[in-house]
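Heads up, the sequence shown is in this note's numbering, so the first residue is 613 and it goes up one at a time.
For glycine and all other residues, C-beta sits at the position ideal for the given N, C-alpha and C.
What you are looking at is a predicted structure, and each value in this text was computed from that prediction instead of being measured.
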Amino acid sequence: MAKTIRSSGHEALREALIAARKAAGLTQEQLATRLKQHQSFVARVESGERRIDVVELVVLARAIGADSRDLLAATEAATDPDHRI
């Protein structure tokens with residue numbers, strides 16, 4: 613039974629967020645400014661140290677200029693069918 617914080621789905625979400633931020637040409641600092649957060653918040657999300665909920669995913673995606681459905685699809689595709697909470 614995998615823990616959600618280090619699951620394949622969570623790793624896919626982190627990678628998708630990082631890729632989307634970089635594709636948008638944003639640094640962690642620039643994204644943090646858009647979110648009215650410290651750069652360390654973005655670093656913790658991207659490193660997997662901090663989990664995000666669905667509402668935060670939507671806010672992050674908007675700040676990046678990405679579609680939250682695409683980020684969620686990447687997460688869903690990488691999540692094991694028998695993953696337990």
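- Counting of Cβ neighbours within 10 angstroms places arginine 696 among the exposed residues, the total staying below 16.
- Membership of lysine 634 in the alpha helix (DSSP H) is indicated by the continuous run 620 to 635.
- By the 16-neighbour rule on beta-carbons within 10 angstroms, alanine 678 is buried.
- Only residues of its own chain outside the window of five on either side were considered, and among them Ser620, Gly621 and Ala624 have a CB closer than 6 Å to the CB of alanine 690, listed in chain order.
- Relative to arginine 618, the option among Ala644, Arg663, Leu647 and Ile676 whose CA is nearest is Arg663.
- Taking a 10 Å sphere around the C-beta of valine 654, we find 16 or more other C-beta atoms and assign the residue as buried.
- Here threonine 639 is exposed: its Cβ has fewer than 16 other Cβ atoms, across all protein chains shown, within 10 Å.
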